[in-house]
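First the structure, in the form of structure tokens, and then the observations on it.
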Amino acid sequence: MSSLLRHLVPILASASTFLSLSSAATVTYDFKIGWVTSNPDGAFERPTIGINGQWPIPPIVANIGDNIVINVLNQLGNQSTSLHFHGLFMNGTTHMDGPSQVSQCPITPGSSFTYNFTINQPGTYWYHSHTNGQYPDGLRGPLIVHDPESPFLDTYYKQENERILTVSDWYHDQITDLLPGFISKGNPTGAEPVPQAALFNDTQNLKVPVQPGTTYLFRVINVGAFAGQYIWFEGHNMTIVEVDGVYHQPAEADMIYLSAAQRCSFLVTTKNETTANYAFVASMDTTLFDTLPKDLNYNVTGWLVYDDAKPLPEPAFVDELDNFDDMTLVPYDNQTLLVKPDKEVQLDVIMDNLGDGANYAFFNNITYKSPKVPTLYTALSAGELATNPTVYGSFTHSFVLEKGEIVQIVVNNLDTGRHPFHLHGHHFQAVYRSKEDAGTFEDSGVTEADFPATPMRRDTLVLFPTGYIVLRFRADNPGVWLFHCHIEWHVASGLIATFVEAPLELQKTLTLPKDHLDACAADNIPTTGNAAANTADFLDLTGEPRPPNPLPDGFTTRGKVALAFSCLSGILGVIVVVLYGLAPDVAAPGWTEHRTQGVVGEGVRSSGGTGAEPEPELVTVTAVSGGGNTKAS
């Protein structure tokens, strides 16, 4: 890009934003959140959280500059809820970000709540519950912001040729049933529950009709709770143009990897002939799973359908899962590296046991515990002490940022699993990501000279096992913003930190709406005070919520491992005794754990039942007949 063009890009972008804002509209949604019954994989009917009696839930669709109003009525009856709009900055409206006990109180059963915000970011996003690990039960859907001035619109594709494609894992059990067993002394190693299926657009055997010789924009969103997904389109290339709402220079890919919460928009140009239909596949990243059940099909298949009369081919075997490296992407606006950070935050990821015997997730030996007062409300009520991180509690892991600071986050993974880290309220520059088993950043010898001149930007980035990442962002959005792993099991077990950005400015500019206060009153949650709800002395945290106590002194790593295996041995012993007592008087079969490497090339093909036809307006799809019913309960 020439020097002149490089300077023109931001000017043109500002002009297009002004034109878009001049034609902005108010888009209103009325959401009654309640239970429905669904069977998306055709294998198990279960309660699912729907909206207005339907599931999959509807997409939120708007144009850049629009004002969004979402009126929520909680009709669940037995659970509170909230909505987070993943990837949206919420500039000036941090109280609309959605996490319970962070920017609001939860919406109790029977209560109403209104989200009201303006969208000034184009791209591919999603919305989901941010309360009690709830969204894997179905409360998650696409959020698309159209941009009439997109650099790729009309030049590369027509807006009517956009397609929304969600991918996810799916559990047959409700999260309320799975969480107690996950965080318990019966699971001392912290093994996450393995999903039962993978889905495209909340169904299986998805058919996407296409026309020959046409370029389509696929907006792909991983709305899953746990599994990363390898995705590829047989016989077609993918040209990546956007990740997580940030335009990037076009890049060719044969296969992409999307962690939970990541999005990728890419162009697919169809063939000129209609002699065959073509499969596209998502394969769950089984390296995340502690066990591989022998009946688990970790693939899901859809088809680009050129001709309904032609067969739907089985997907080909893949010898290697070799995905595109998103760190090589270059932002379309060529934003240069933010230099000379004003503040560095180092976070070491640790998975360990506490005194109750359960396994928890830690940043720097702190596992997150929600405060008595939502963190934003503490920032608004603490006066000058709002700049003191103490007032936000010992277990919210809060960092106070001054407005305009350049912040560098270094995350060292002292764990052997992958973690997708998400920052609320910002895109970050993905400055550096090590390979697996690289150790820590401080021991690496990596310097500023090793960083790219124009780093890729997004809001969720995968950290490799026993490696590290370096992220940078400018603190230009006053608010309270979480930084957390987007594996929902790890959110539940505490892998969360909090950035409190320019709290004194927030006190001058933000007044909480009445329904925020009403939501707290409905749940008897205080709206002022520190993390312990102390208004007399904000530095006194007596009575703040705390995680279980640490293991007693003297428990070494060997002792913890011994404790874990002792617990497992005891559990297995009980199982053996029970099975022995229930079994008929014949020789009992042996019990063997089946463990295989999760690659498609070992002969596991995609198959499965079918689901209800997806709701999104921008997707024209049909599902193979049979199964997958959804009904109101």
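Residue numbering for the sequence shown follows the UniProt record's numbering, beginning at 1 and increasing consecutively. Every residue gets a Cβ at the ideal spot worked out from N, C-alpha and C, and that includes glycine. Keep in mind the model is a prediction, meaning the values are calculated, not measured.
What's the gap between the Cα of residue i and the Cα of residue j?
| i | j | result |
| --- | --- | --- |
| F421 | K310 | 42 Å |
| Q597 | T286 | Below a pLDDT of 50, predicted positions are generally treated as unreliable, and Q597, at 29, falls in that range; no measurement from the model is reported. |
| N201 | T166 | 5 Å |
| L258 | I469 | 17 Å |
| L512 | E505 | 14 Å |
| M96 | D254 | 38 Å |
| Q204 | V400 | 45 Å |
| E314 | V210 | 18 Å |
| L304 | A279 | 6 Å |
| Q54 | I175 | 20 Å |
| V500 | L482 | 9 Å |
| I144 | A225 | 20 Å |
| N549 | D356 | 8 Å |
| H146 | Q121 | 9 Å |
| D154 | D322 | 31 Å |
| T108 | N116 | 19 Å |
| E593 | D540 | Residue placement at E593 is flagged as unreliable, the pLDDT there being 29, under the threshold of 50; a coordinate-derived value is accordingly withheld. |
| Q104 | G425 | 15 Å |
| P56 | E344 | 41 Å |
| S444 | D348 | 15 Å |
| I350 | P188 | 14 Å |
| Q75 | V69 | 19 Å |
| G393 | E149 | 44 Å |
| K207 | V36 | 24 Å |
| R163 | R219 | 6 Å |
| E517 | S381 | Note on residue identity: the sequence assigns Leu, not Glu, to residue 517. Approximately 13 Å between the Cα atoms of the pair. |
| A438 | N39 | 43 Å |
| F233 | K403 | 44 Å |
| Y247 | D325 | 16 Å |
| A449 | T440 | 18 Å |
| L83 | T274 | 43 Å |
How should residue i be labelled, buried or exposed, when 16 other C-beta atoms within 10 angstroms of its C-beta is the threshold for buried?
| i | result |
| --- | --- |
| Q159 | exposed |
| A453 | exposed |
| A430 | buried |
| S23 | exposed |
| E192 | buried |
| E617 | Residue confidence for E617 is low, a pLDDT of 36 falling below 50, so the modelled location carries little weight; the figure read from the coordinates is stated next. Exposed. |
| K435 | exposed |
| Q317 | Here the sequence assigns Phe to residue 317, which means Gln is not the residue at that position. F317 should be labelled exposed. |
| T118 | buried |
| N272 | exposed |
| D333 | buried |
| Y298 | buried |
| E252 | exposed |
| residue 636 | No information on residue 636 is available, as it lies outside the stretch 1 to 633 that the chain covers here. |
| G181 | exposed |
| D78 | The sequence given here has Asn at residue 78, not Asp. Flag for N78 reads exposed. |
| E320 | exposed |
| G50 | buried |
| T291 | exposed |
| residue 634 | Residue 634 is absent from the model: the chain starts at 1 and stops at 633. |
| G543 | exposed |
Round the Cβ separation of residue i and residue j to the nearest angstrom and send it over; I've been treating them as touching at under 8 Å.
| i | j | result |
| --- | --- | --- |
| T26 | N67 | 5 Å |
| D244 | H130 | In fact, because the Cβ distance is near 17 Å, the residues do not count as touching under 8 Å. |
| T375 | V480 | 5 Å |
| A492 | I183 | 7 Å |
| I406 | D459 | That belief does not hold up - the Cβ atoms of I406 and D459 are roughly 17 Å apart, past 8 Å. |
| Y135 | I60 | Wrong, their Cβ atoms sit about 15 Å apart, outside the cutoff. |
| D169 | P142 | Actually they do not touch by this definition, with Cβ atoms about 17 Å apart. |
| A261 | H486 | 4 Å |
| T416 | P465 | 5 Å |
| N412 | H419 | Going by Cβ atoms, the distance from N412 to H419 rounds to 11 Å, so no, they are not a contact pair. |
Between residue i and chain B, is there a C-beta pair that is closer than 8 Å?
| i | result |
| --- | --- |
| I525 | The question asks about chain B, but that chain is absent: this structure has only one protein chain. |
**Study point:** Sequence ranges, beta strand (DSSP E) only - wholly within the stretch 117 to 146, length at least 3
**Key:** 123 to 129, 140 to 146
Exercise for review: Kindly confirm or deny that the stretch 355 to 369 and the stretch 80 to 95 touch, where touching means at least three C-beta pairs closer than 8 Å.
Suggested key: no
Exercise for review: Would you be able to state if there are at least three C-beta pairs under 8 Å between the stretch 369 to 385 and the stretch 526 to 534?
Suggested key: yes
Review point. In chain order, which continuous runs of the alpha helix (DSSP H) of length 4 or greater are located wholly inside the UniProt domain "Plastocyanin-like" (369 to 503)?
Key: 375 to 381, 488 to 492
Review point. Between the stretch 266 to 283 and the stretch 233 to 242, are three or more C-beta pairs nearer than 8 Å?
Key: yes
Practice item. Identify every run of the alpha helix (DSSP H) within the UniProt domain "Plastocyanin-like" (163 to 308), keeping only runs that are complete inside it and at least 4 residues long; order them along the chain. Key: 175 to 182
Check your understanding: Below 8 Å, can you find three or more Cβ-Cβ pairs linking the stretch 384 to 393 to the stretch 515 to 525?
Key -> no
Review point. Does the stretch 98 to 115 come within contact of the stretch 212 to 225, defined as at least 3 CB pairs closer than 8 Å?
Key: no
Point to revise | In chain order, each beta strand (DSSP E) run of at least 3 residues that lies wholly inside the stretch 64 to 119 | key: 67 to 74, 83 to 86, 112 to 118
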